[in-house]
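Asker: Residues 195 to 486 in my numbering are what the sequence shown spells out, letter by letter.
Sharing a structure with you now.
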Amino acid sequence: MAPGDRITQPGQVQYGDLLLGPGTPYRWRSISGWEELPALDDGSVPRSDAPGAFPGTLLAQARTIGLDGLIVRAPRERIGAVVGALNAGTVPRTDEIPLVAWLDDRGPLLAYARATRRIVPAGIGYRLGTITGGAVQFTATDPLRYEPIERTVAASLPTPEPGLSWPLVWPLNFGTPGSSGALVAANVGDAPTHPIIEFRGPVTVPALTNIDTGDVLEYDIPLAAGDVLTVDTRAGTVVLNGTASRLYTVTSRSVPEQTFTLAPGLTNLSFRAGPESGPAATATVRYRSAYW
Numbered sequence: 195m196a197p198g199d200r201i202t203q204p205g206q207v208q209y210g211d212l213l214l215g216p217g218t219p220y221r222w223r224s225i226s227g228w229e230e231l232p233a234l235d236d237g238s239v240p241r242s243d244a245p246g247a248f249p250g251t252l253l254a255q256a257r258t259i260g261l262d263g264l265i266v267r268a269p270r271e272r273i274g275a276v277v278g279a280l281n282a283g284t285v286p287r288t289d290e291i292p293l294v295a296w297l298d299d300r301g302p303l304l305a306y307a308r309a310t311r312r313i314v315p316a317g318i319g320y321r322l323g324t325i326t327g328g329a330v331q332f333t334a335t336d337p338l339r340y341e342p343i344e345r346t347v348a349a350s351l352p353t354p355e356p357g358l359s360w361p362l363v364w365p366l367n368f369g370t371p372g373s374s375g376a377l378v379a380a381n382v383g384d385a386p387t388h389p390i391i392e393f394r395g396p397v398t399v400p401a402l403t404n405i406d407t408g409d410v411l412e413y414d415i416p417l418a419a420g421d422v423l424t425v426d427t428r429a430g431t432v433v434l435n436g437t438a439s440r441l442y443t444v445t446s447r448s449v450p451e452q453t454f455t456l457a458p459g460l461t462n463l464s465f466r467a468g469p470e471s472g473p474a475a476t477a478t479v480r481y482r483s484a485y486w
């Protein structure tokens, strides 16, 4: 299922399958760490010959998100089941899962996080079916937020147009237009995003070039029909058919996978390959627009 598939209105937050907010037994008064910038590591270095510093790289730390003022309400005979569902939905885990929050007219945004703290006060109202003063905290190692719906663009290798057929007959038929191998990715957010790239055979030495920056991802590997080489630029992995690493096939023209990003706005890409590639070969770019 798509991240945030249970969210229907502003004010709701979904973590995995757990839905909180209007229409649920779980209400919250405020959310922290969602619209704020995450903490930044500043690589600036003080100047030795003048006031100030040389500007350095700003690297974002993990994003900490808190649902504060949590209120749990349920009939007295069901309060245990409702609290149990909250507890089961926020257990510690080793992997990060989707956390989707819809706050305003911009629509839902997505982060990948783990629940790292849960407070459910067992005060006087507990047995009456009303719990106040609770909180849930999440930590997202990737500080960016994303649109929930994944975008996809694809292209086949360049092919010439067939042109006119003789004898000429009106109206003239120029044939099916050839492919240019060009792709345009639209990142409507305000932060660079890491795409996932899939090369499908038959193809040799598949390559994807960012025309705007000159960055290239290229792999010296033959792919048969049905083979898929998946490049995850955030994780820095190159995997053949979902199982076998092929990171060692990277060519000297390639940039490190984790530096290959789609900047905010439009990015022009180009799919190319070796001379023994087939017309059915394709490159598919999957990504989500990213936001700070």
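For each residue, glycine too, the CB sits at the ideal point set by N, CA and C.
Being a predicted model, the structure only gives us computed values, none of them experimental.
Is there at least one non-hydrogen atom of the ligand GTP closer than 7 Å to the beta-carbon of residue 220?
Answerer: The ligand content of the structure shown is nil, which means the ligand GTP is not present either.
Asker: Around the C-beta of residue 216, are 16 or more other C-beta atoms found within 10 angstroms, so that it is buried, or is it exposed?
Answerer: Exposure of residue 216 is indicated by the presence of fewer than 16 other C-beta atoms within 10 angstroms of its C-beta.
Asker: Which residue wins for smallest C-alpha separation from residue 164, given the options 236, 256 and 196?
Answerer: The displayed coordinates of the chain run from 195 to 486. Any statement about residue 164 would go beyond what the structure contains.
Asker: Would you mind listing the beta strand (DSSP E) stretches within the stretch 398-425 that are 3+ residues and don't spill past its ends, in chain order?
Answerer: With a minimum length of 3 residues, the unbroken runs of beta strand (DSSP E) contained wholly in the stretch 398-425 fall at 401-404 and 410-412.
Asker: In this structure, how does DSSP classify residue 212 when only helix, strand and coil are distinguished?
Answerer: Reduced to three states, the DSSP call for residue 212 is strand.
Asker: Which partner residues of residue 477 appear in the DSSP bridge assignment?
Answerer: 349 and 393
Asker: Look at the alpha carbon of residue 485 and the alpha carbon of residue 299, and state the distance between them as a whole number of angstroms.
Answerer: 15 Å
Asker: Would you give the residue range spanned by the alpha helix (DSSP H) that residue 198 belongs to?
Answerer: Note, residue 198: premise wrong, no alpha helix (DSSP H); not H, not E.
Asker: Looking at the structure shown, is residue 447 part of a helix, part of a strand, or coil, going by DSSP?
Answerer: coil
Asker: Once the 5 residues before and after residue 224 are set aside, which same chain residues still bring their CB inside 7 Å of it?
Answerer: 262 and 263
Asker: Starting from residue 226, follow its DSSP beta bridges and name the residues at the other end.
Answerer: 260
Asker: Please go through the same chain and pick out, in chain order, the residues whose beta-carbon is closer than 8 Å to the beta-carbon of residue 374, but skip the five residues on each side of it.
Answerer: Excluding five sequence positions before and after residue 374, the CB atoms of its chain that fall closer than 8 Å to its own CB belong to 349 and 352, given in chain order.
Asker: DSSP three-state call for residue 270: helix, strand or coil?
Answerer: The answer is helix: DSSP assigns residue 270 an H, G or I state.
Asker: State buried or exposed for residue 197, treating a residue as buried only when at least 16 other CB atoms are found within 10 Å of its CB.
Answerer: buried
Asker: Does the structure place the stretch 450-457 close enough to the stretch 400-409 that three or more beta carbon pairs sit under 8 Å?
Answerer: yes
Asker: Looking at residue 474 and residue 396, is the spacing between their C-beta atoms short of 8 Å?
Answerer: Contact: yes.
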